[in-house]
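The block underneath contains the structure these notes are about, expressed in structure tokens.
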Amino acid sequence: MGLLSDPSRRKVLTGLLTRLNTPICIVCYLAGIVWFMGLAFEPFTLRTYMSENAMGSTMVEERFSSGERALSLAKEFDAHKRKAGGMPVEWLVKAMQSRGLEVFTQSFSRKLPFPDENKERYMVRGTNVYGILRAPRAPRTEALVITAPCSPGNTNNQAVALLLALAQYFRNQIYWAKDIIFLVNEHDLIGTQAWLEGYHHTNITGMEYSPLQGRAGSIQAALSLELSSDVITSLDLVLEGLNGQLPNLDLANLFYAFCQKLGVLCTIQGKLQRNDWDTAEGYTHAAQTMMLMVLKQACGRSWGDHGLFLRYHIEAASVRGINSFRHYKTDATTIGRLLEGMVRKLNNLLERLHQSYFFYLLPSLSRFVSIGYYMPAFGLLAVILLLRALDLWVHLGAPALAPSCHCFSVSLQPSSPGVLTVLTPVVISHLTGVALYLLPVHLQEMAVEHFPVSETEAVVLTAIAIYTAGLALPHNTQRYTHRLILMQFILRYMFTLLKLTALLYLAVLLGCTALINFSLGFILAVTLVPITASITPHMPKALYALVMVLLSPAFTILYCVFIYQELIEAPVSVSEGWMLFLSVISQGILDHALYGSLVYPLLALFIYPCWLMFWNILFWN
Amino acid sequence: MAAPLTLLLIVAVTIRAVLFRSSWAELISERVEVVSPLNAWKRVVEGLALLDLGVSPYSGDVFHETPFMIYLFHFVVDYAEIVFMVTDGITAVALYLSIQTYNKNVFRKQKYALESDRYPADCLELLRSPKEMFYIPLKVAMFYLLNPFTILSCVAKSTCGLNNAIIALFILCTLKGSALLSGILLALATYQSIYPLTLFAPALLFFLQRLYIPVNLRRSSFWFFTLQYAFIYVGSLVVITGLSFFLLGSWDFIPSVYGFIFSVPDLTPNIGLFWYFFAEMFEHFRLFFICVFQINVFFYTIPLSIKLKEHPVFLIFMQIAIISIFKSYPTVGDVALYMAFLPAWSHLYRFLRNIFLVSCVLLACSALFPVLWHLWIYAGSANSNFYYAITLLFNFGQVKSLNLISHFT
Numbered sequence: 007m008g009l010l011s012d013p014s015r016r017k018v019l020t021g022l023l024t025r026l027n028t029p030i031c032i033v034c035y036l037a038g039i040v041w042f043m044g045l046a047f048e049p050f051t052l053r054t055y056m057s058e059n060a061m062g063s064t065m066v067e068e069r070f071s072s073g074e075r076a077l078s079l080a081k082e083f084d085a086h087k088r089k090a091g092g093m094p095v096e097w098l099v100k101a102m103q104s105r106g107l108e109v110f111t112q113s114f115s116r117k118l119p120f121p122d123e124n125k126e127r128y129m130v131r132g133t134n135v136y137g138i139l140r141a142p143r144a145p146r147t148e149a150l151v152i153t154a155p156c157s158p159g160n161t162n163n164q165a166v167a168l169l170l171a172l173a174q175y176f177r178n179q180i181y182w183a184k185d186i187i188f189l190v191n192e193h194d195l196i197g198t199q200a201w202l203e204g205y206h207h208t209n210i211t212g213m214e215y216s217p218l219q220g221r222a223g224s225i226q227a228a229l230s231l232e233l234s235s236d237v238i239t240s241l242d243l244v245l246e247g248l249n250g251q252l253p254n255l256d257l258a259n260l261f262y263a264f265c266q267k268l269g270v271l272c273t274i275q276g277k278l279q280r281n282d283w284d285t286a287e288g289y290t291h292a293a294q295t296m297m298l299m300v301l302k303q304a305c306g307r308s309w310g311d312h313g314l315f316l317r318y319h320i321e322a323a324s325v326r327g328i329n330s331f332r333h334y335k336t337d338a339t340t341i342g343r344l345l346e347g348m349v350r351k352l353n354n355l356l357e358r359l360h361q362s363y364f365f366y367l368l369p370s371l372s373r374f375v376s377i378g379y380y381m382p383a384f385g386l387l388a389v390i391l392l393l394r395a396l397d398l399w400v401h402l403g404a405p406a407l408a409p410s411c412h413c414f415s416v417s418l419q420p421s422s423p424g425v426l427t428v429l430t431p432v433v434i435s436h437l438t439g440v441a442l443y444l445l446p447v448h449l450q451e452m453a454v455e456h457f458p459v460s461e462t463e464a465v466v467l468t469a470i471a472i473y474t475a476g477l478a479l480p481h482n483t484q485r486y487t488h489r490l491i492l493m494q495f496i497l498r499y500m501f502t503l504l505k506l507t508a509l510l511y512l513a514v515l516l517g518c519t520a521l522i523n524f525s526l527g528f529i530l531a532v533t534l535v536p537i538t539a540s541i542t543p544h545m546p547k548a549l550y551a552l553v554m555v556l557l558s559p560a561f562t563i564l565y566c567v568f569i570y571q572e573l574i575e576a577p578v579s580v581s582e583g584w585m586l587f588l589s590v591i592s593q594g595i596l597d598h599a600l601y602g603s604l605v606y607p608l609l610a611l612f613i614y615p616c617w618l619m620f621w622n623i624l625f626w627n
Numbered sequence: 029m030a031a032p033l034t035l036l037l038i039v040a041v042t043i044r045a046v047l048f049r050s051s052w053a054e055l056i057s058e059r060v061e062v063v064s065p066l067n068a069w070k071r072v073v074e075g076l077a078l079l080d081l082g083v084s085p086y087s088g089d090v091f092h093e094t095p096f097m098i099y100l101f102h103f104v105v106d107y108a109e110i111v112f113m114v115t116d117g118i119t120a121v122a123l124y125l126s127i128q129t130y131n132k133n134v135f136r137k138q139k140y141a142l143e144s145d146r147y148p149a150d151c152l153e154l155l156r157s158p159k160e161m162f163y164i165p166l167k168v169a170m171f172y173l174l175n176p177f178t179i180l181s182c183v184a185k186s187t188c189g190l191n192n193a194i195i196a197l198f199i200l201c202t203l204k205g206s207a208l209l210s211g212i213l214l215a216l217a218t219y220q221s222i223y224p225l226t227l228f229a230p231a232l233l234f235f236l237q238r239l240y241i242p243v244n245l246r247r248s249s250f251w252f253f254t255l256q257y258a259f260i261y262v263g264s265l266v267v268i269t270g271l272s273f274f275l276l277g278s279w280d281f282i283p284s285v286y287g288f289i290f291s292v293p294d295l296t297p298n299i300g301l302f303w304y305f306f307a308e309m310f311e312h313f314r315l316f317f318i319c320v321f322q323i324n325v326f327f328y329t330i331p332l333s334i335k336l337k338e339h340p341v342f343l344i345f346m347q348i349a350i351i352s353i354f355k356s357y358p359t360v361g362d363v364a365l366y367m368a369f370l371p372a373w374s375h376l377y378r379f380l381r382n383i384f385l386v387s388c389v390l391l392a393c394s395a396l397f398p399v400l401w402h403l404w405i406y407a408g409s410a411n412s413n414f415y416y417a418i419t420l421l422f423n424f425g426q427v428k429s430l431n432l433i434s435h436f437t
């Protein structure tokens with residue numbers, strides 16, 4: 007603190023910071039973006055390595071060989087599924103029992119707040135079936151979970167069949183030290199949610215479910231298996247979970263190690279790894295992979311059944327079989343061996359996975375960027391807000407020190423009516439945020455009565471309407487402040503104070519968001535920081551209003567939708583993009599109601615009101 | 029001035045009442061920043077249950093309140109919410125009245141000094157105008173009642189609010205010049221949580237100044253008054269402790285309350301500095317480091333009393349702040365008490381360097397506490413180091429702000 011305690015040096019420092027404020031801010035912003043883009047460049051990343059001792063040195067030999075039997079089981083399962091018109095509970099129970107598992111079922115039901123048009127469901131009723139393989143070698147205090155969702159149509163039959171084949175094979179081995187739970191869940195995430203809540207005796211989301219009759223020890227790790235087609239060419243690893251939480255990196259390392267060993271083609275974000283990092287294409291490829299991960303993480307939803315396990319401190323990942331690389335083919339035996347190997351390694355664990363990283367980005371499966379490398383990119387953006395706030399503070403303080411403005415400095419006392427004036431826009435913005443959070447779901451019935459729309463459309467359109475209506479508010483507050491304060495300089499002072507408050511608020515908000523979900527914090531910072539740092543009432547109103555709207559949170563979501571479609575190589579037209587945008591909003595609201603995803607409340611209750619405060623500043627005079 | 033204060037009290041009570049009824053109350057009462065093992069309401073309830081069963085409440089390792097506290101709640105447990113709201117009100121009114129008295133004194137002194145031309149010309153702008161002074165007591169009450177820290181502490185039903193009330197009443201009695209009541213309340217505060225013991229020195233200095241007795245070790249009047257005040261203090265402390273013994277019929281509470289405060293056996297994370305160190309430490313260093321850590325609270329009394337002997341009220345503020353930083357189980361309620369005094373020194377703000385930095389640090393830390401707690405305990409992706417880093421930063425902010433304010437007095 008020596009530098010800050012010495013008055014003369016301090017003066018020089020603040021003088022420098024205020025004089026060069028704008029150039030420094032611009033440099034910081036550009037440096038932040040460049041730093042972030044540089045993260046995908048291979049020499050700047052680290053090679054992944056297995057940190058966990060218990061999973062490292064002892065490679066085991068995989069002996070699973072009943073891939074063919076799994077395929078015939080899949081056909082049988084398919085037939086029974088068709089007959090039952092849903093999950094063939096009885097057949098599954100019998101099949102699991104005949105393989106020597108302790109089998110239990112759990113039924114659950116859930117009424118969605120409004121119909122989910124993507125998956126066409128509203129009243130959801132279903133049954134989870136799970137079998138427990140008791141560990142012969144150790145006290146049954148720990149467990150592993152392998153889950154396969156039983157989805158409608160014939161998409162995931164192979165996964166369920168493989169699960170059963172694995173159960174049969176595992177039953178005959180003697181080395182299990184942890185119970186293994188084979189779970190077949192219905193209605194994907196809702197089923198998983200019901201099962202997890204039943205297992206842990208919690209009820210966070212108001213789901214109705216029957217209590218679990220049998221349980222094993224505390225779950226150490228979980229793998230979710232999804233095989234979307236009959237022909238599998240490669241395996242994709244999905245890590246992004248609820249609220250952008252990621253499993254321990256060792257789980258990804260484990261998957262990668264076994265893919266290498268068995269010669270299976272493996273991808274992440276559906277993208278293969280390339281070795282030509284020094285060419286432009288190689289770099290673009292890595293950057294695209296990383297951007298996809300950032301976008302997926304930022305939207306805070308669970309991208310596979312594993313995502314809900316993470317909330318319970320269970321390291322989990324989804325392995326998804328895809329059919330997109332023509333010349334390769336991976337048979338069921340190999341996939342079975344891969345799972346066998348992974349489960350055996352997890353079986354060796356002495357404590358929960360904790361050695362490796364929890365905060366990382368993956369530009370490819372063999373390379374990772376740890377928190378220490380990516381946080382500076384965010385820090386460079388966040389520091390702009392602090393620099394601007396410091397600048398405003400210095401400007402606020404300067405007249406107070408001059409003795410000639412004594413009357414002015416009296417008005418600077420925090421108790422003057424000024425604080426109330428600043429409080430008004432803050433409170434109004436937040437009330438708008440609360441309306442945006444509460445009204446869409448609660449007003450749907452009324453909206454459906456009066457307008458020719460479905461419930462889902464009603465919710466989404468109400469949200470957009472409230473969002474837009476919020477933009478009309480500043481005029482009200484502004485007239486109010488005019489009556490209260492007449493003197494021009496106080497008005498000027500008030501806007502500075504409001505901007506200072508809003509800048510600090512945004513900085514704290516983005517900082518907290520980036521700690522929990524780096525991607526979300528970074529994306530919001532990229533769009534919000536430039537406009538919030540530069541906004542003043544003395545700008546051409548129409549132009550800046552347009553720029554502000556184009557950089558508002560809703561438009562950020564819209565851009566993300568387009569970029570995401572571009573990156574997964576399925577570009578969409580503007581109207582399709584708009585429809586996708588609407589469905590993304592409804593999915594966000596549903597994710598919040600069903601699984602407790604925090605992105606929607608964060609945007610509605612904090613980010614949007616904060617943005618409205620800056621909107622207020624633009625229309626201050 | 030009564031009207032704004034009444035309005036303030038009504039607003040404050042409304043906020044608390046709404047929060048008590050909301051689903052947040054339960055969440056808040058679990059937060060480690062708000063409740064400590066010493067003052068958690070859950071533990072009070074446990075102690076009451078044990079008392080009702082005829083078991084000594086101190087027989088387990090859960091209850092660490094003083095016997096007075098448990099007998100108080102024995103009678104009012106059904107009205108606990110009202111008690112906590114009223115306590116906050118009493119604290120605020122006491123602070124209001126004491127700062128009003130203090131300001132009157134300061135203003136009188138300033139007037140005499142002005143009349144006798146004792147101020148140099150260039151510090152005239154430092155003088156406080158009556159208009160400024162008029163609002164300060166109200167601001168102090170507002171800073172206490174509407175401080176989110178106080179509100180959280182009250183909604184969590186942390187008994188810290190009661191301790192704050194006793195200290196605020198002690199300050200009021202001291203400033204009003206009643207040595208007897210001041211001594212008794214100081215004894216009560218000491219009995220509640222030991223640390224207010226260090227407030228003895230500033231209170232004594234204040235009375236000496238008020239009675240125009242110079243601090244001179246060779247003067248008999250100095251010794252006479254000191255012994256008199258010390259006698260009131262120690263006498264009431266003995267009486268209170270004796271009463272507690274007769275209430276419970278055993279000395280169990282001494283190790284369970286004071287032993288617990290001094291030896292820090294409970295290492296639940298909180299906003300203080302102790303838990304991380306003692307969780308990491310080898311057992312055989314423990315005693316030594318407990319002495320080192322605890323001495324911080326008491327040691328600064330001596331240099332500060334020498335340096336600030338002309339400003340005893342400011343010394344009280346400093347002592348309360350030091351207690352809340354260095355005590356073994358601090359909560360945000362303790363922080364709120366000394367923060368309430370900040371408006372009283374508002375004439376110094378324009379000279380405070382780095383106040384921007386410090387307030388940003390405190391603000392950011394308050395937001396980061398729950399976030400890092402979530403990452404550590406629920407998400408499992410961060411660890412205790414993250415949380416302790418914020419604790420350190422928070423305490424750095426507090427120390428720095430004290431440093432700033434004390435520099436200019």
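So the protein sequences, as listed, match chains A and H.
Take the working numbering: the final residue in the first sequence is number 627, and no numbers are missing along the way.
Take the working numbering: the final residue in the second sequence is number 437, and no numbers are missing along the way.
For each residue, glycine too, the CB sits at the ideal point set by N, CA and C.
Q: Give the residues of chain H in contact with Trp399 (chain A), contact being defined as C-beta atoms less than 7 Å apart.
A: Translated into the one-based positions of the first sequence, residue 399 (chain A) becomes position 393. Neighbours of Trp399 (chain A) on chain H, chain order: Phe384.
Q) Taking the C-alpha atoms as reference points, what is the distance between Lys547 (chain A) and Phe561 (chain A)? A) In the first sequence, the residue the question calls residue 547 (chain A) occupies position 541. In the first sequence, the residue the question calls residue 561 (chain A) occupies position 555. Spanning the two alpha carbons is a distance of roughly 19 Å.
Q: Could you tell me if His412 (chain A) is buried or exposed, where buried requires 16 or more neighbouring beta carbons within 10 angstroms of its beta carbon?
A: For the purposes of this step, residue 412 (chain A) is identified with residue 406 of the first sequence, where counting begins at 1. Here the model assigns His412 (chain A) a pLDDT of 38, short of 50, so the residue's position is not dependable and the matter cannot be decided.
Q: Helix, strand or coil for Thr34 (chain H), going by three-state DSSP, please let me know.
A: Counting from one through the second sequence, the residue named residue 34 (chain H) turns up at place 6. The DSSP-derived three-state label of Thr34 (chain H) is helix.
Q) So, using beta-carbon positions, are Ala228 (chain A) and Ile320 (chain A) closer together than 7 Å? A) Along the first sequence, read from residue 1 onward, the residue named residue 228 (chain A) stands at position 222. Along the first sequence, read from residue 1 onward, the residue named residue 320 (chain A) stands at position 314. Yes, the pair counts as a contact, with Cβ atoms nearer than the cut-off.
Q) Within 7 Å (strictly less), CB to CB, does Ser356 (chain H) reach chain A? A) Locating residue 356 (chain H) in the second sequence gives position 328, counting from the first residue. No Cβ of chain A is located within less than 7 Å of the beta carbon of Ser356 (chain H).
Q | Close beta carbons around Leu356 (chain A), own chain, < 6 Å, minus the five adjacent residues each side | A | For the purposes of this step, residue 356 (chain A) is taken as the residue at position 350 of the first sequence. If you ignore the 5 residues before and after Leu356 (chain A), its C-beta comes within less than 6 Å of the C-beta of Ala60, all in its own chain and listed in chain order.
Q) If you draw a straight line from the C-alpha of Ala406 (chain A) to the C-alpha of Val428 (chain A), how long is it? A) Locating residue 406 (chain A) in the first sequence gives position 400, counting from the first residue. Locating residue 428 (chain A) in the first sequence gives position 422, counting from the first residue. Since pLDDT at Ala406 (chain A) reaches only 45, below the 50 mark, its modelled position is unreliable, and the value read off the structure follows with that caveat. For Ala406 (chain A) and Val428 (chain A), the distance between alpha carbons rounds to 19 Å.
Q: Tell me, please, which residues DSSP counts as bridged to Tyr136 (chain A).
A: Locating residue 136 (chain A) in the first sequence gives position 130, counting from the first residue. Tyr136 (chain A) pairs with A:Phe110, A:Leu189.
Q. In this structure, what does DSSP give as the bridge partners for Glu232 (chain A)?
A. Along the first sequence, one-based indexing puts residue 232 (chain A) at 226. According to DSSP, which records beta bridges pairwise, Glu232 (chain A) is partnered with A:Arg326.
Q.
What does the alpha-carbon distance come out to for the pair Pro65 (chain H) and Thr296 (chain H)?
A. The count along the second sequence starts at 1 and reaches residue 65 (chain H) at position 37. The count along the second sequence starts at 1 and reaches residue 296 (chain H) at position 268. Rounded to the nearest angstrom, the two C-alpha atoms are 8 Å apart.
Q) Count the other CB atoms within 10 Å of the CB of Lys185 (chain H); is the residue buried (16 or more) or exposed (fewer)? A) Position 157 of the second sequence, counted from the first residue, corresponds to residue 185 (chain H). Counting Cβ neighbours within 10 Å, Lys185 (chain H) comes out buried, since at least 16 surround it.
Q: Using a Cβ-Cβ cut-off of 7 Å, state whether Ser409 (chain H) counts as contacting chain A.
A: Residue mapping note: residue 409 (chain H) aligns to position 381 of the second sequence, counting from 1. Residue contact with chain A for Ser409 (chain H): present (Cβ-Cβ distance below 7 Å to some residue of chain A).
Q) Run through DSSP, which three-state label would Tyr55 (chain A) get? A) Translated into positions along the first sequence, residue 55 (chain A) becomes position 49. It is coil, neither helix nor strand.
Q | Classification of Tyr240 (chain H) by the beta-carbon crowding that lies within 10 angstroms, buried from 16 upward | A | Position 212 of the second sequence, counting from 1, holds the residue named residue 240 (chain H). Counting other Cβ atoms within 10 Å of its Cβ, Tyr240 (chain H) stays below 16 and is therefore classed as exposed.
Q | Buried versus exposed call for Phe331 (chain A) [16 or more other C-beta atoms within 10 Å across all chains shown] | A | In the first sequence, residue 331 (chain A) corresponds to position 325, counting from 1. Exposed.
**Q.** Beta bridge counterpart(s) of Leu367 (chain A) as assigned by DSSP
**A.** Residue 367 (chain A) sits at position 361 when you count from the first residue of the first sequence. In the DSSP assignment, Leu367 (chain A) forms a beta bridge with A:Val375.
Q. Any idea if Thr51 (chain A) is buried or exposed, counting beta-carbon neighbours within 10 angstroms, 16 or more meaning buried?
A. Counting from one through the first sequence, the residue named residue 51 (chain A) turns up at place 45. Burial call: buried.
Q) Roughly how many angstroms separate the alpha carbons of Tyr55 (chain A) and Trp52 (chain H), rounded to a whole number? A) Here residue 55 (chain A) corresponds to residue number 49 of the first sequence, with the count starting at 1. Here residue 52 (chain H) corresponds to residue number 24 of the second sequence, with the count starting at 1. Cα-Cα distance, rounded: 43 Å.
Q) How close, in whole Å, do the beta carbons of Ile152 (chain A) and Ile186 (chain A) come, if the pair is a contact with beta carbons under 8 Å? A) Counted from its first residue, the first sequence places residue 152 (chain A) at position 146. Counted from its first residue, the first sequence places residue 186 (chain A) at position 180. Yes, they are in contact, since the Cβ atoms of Ile152 (chain A) and Ile186 (chain A) sit about 7 Å apart, within 8 Å.
Q.
Assess contact between the region 422-431 of chain H and the region 337-354 of chain H, defined as three or more Cβ pairs (one per stretch) separated by less than 8 Å. Is contact present?
A. Proximity of the region 422-431 of chain H to the region 337-354 of chain H meets the contact definition, three or more beta-carbon pairs being nearer than 8 Å.
Q) Sorted by chain position, which residues of the same chain lie with C-beta nearer than 7 Å to Leu516 (chain A)'s C-beta, five sequence neighbours on each side aside? A) Sequence index remark: in the first sequence, residue 516 (chain A) carries index 510 (1-based). For Leu516 (chain A), the CB contacts under 7 Å within the same chain, skipping 5 residues up- and downstream, are Ala388, Gly527, Leu530, Ala531 in chain order.
Q: Would you kindly report the start and end of the unbroken beta strand (DSSP E) that includes Ser240 (chain A)?
A: Stepping through the first sequence from its first residue, residue 240 (chain A) is reached at position 234. That run of the beta strand (DSSP E) goes 240-244.
Q.
I want to verify the contact list: residues of chain A whose CB lies under 7 Å from the CB of Val399 (chain H), in sequence order.
A. Here residue 399 (chain H) corresponds to residue number 371 of the second sequence, with the count starting at 1. Among the residues of chain A, those whose CB is under 7 Å from the CB of Val399 (chain H) are Cys518, Leu521, Ile522, following chain order.
Q) For Ala368 (chain H) and chain A, any beta-carbon pair shorter than 7 Å? A) Residue mapping note: residue 368 (chain H) aligns to position 340 of the second sequence, counting from 1. Answer no: the Cβ-Cβ gap between Ala368 (chain H) and chain A never drops below 7 Å.
Q) Would the beta-carbon of Ile522 (chain A) be found less than 6 Å away from any heavy atom of the ligand FAD? A) The ligand FAD is absent from the structure shown, which contains no ligands of any kind.
Q. Alpha carbon to alpha carbon, what distance is there between Lys167 (chain H) and Gln450 (chain A)?
A. Position 444 of the first sequence, counting from 1, holds the residue named residue 450 (chain A). Position 139 of the second sequence, counting from 1, holds the residue named residue 167 (chain H). Our two residues, Gln450 (chain A) and Lys167 (chain H), have alpha carbons roughly 45 Å apart in a direct line.
Q: Compute the distance between the beta-carbons of Ala122 (chain H) and Tyr172 (chain H), then report whether it is under 7 Å.
A: Taking the first residue of the second sequence as 1, we reach residue 122 (chain H) at position 94. Taking the first residue of the second sequence as 1, we reach residue 172 (chain H) at position 144. Cβ atoms of Ala122 (chain H) and Tyr172 (chain H): not closer than 7 Å.
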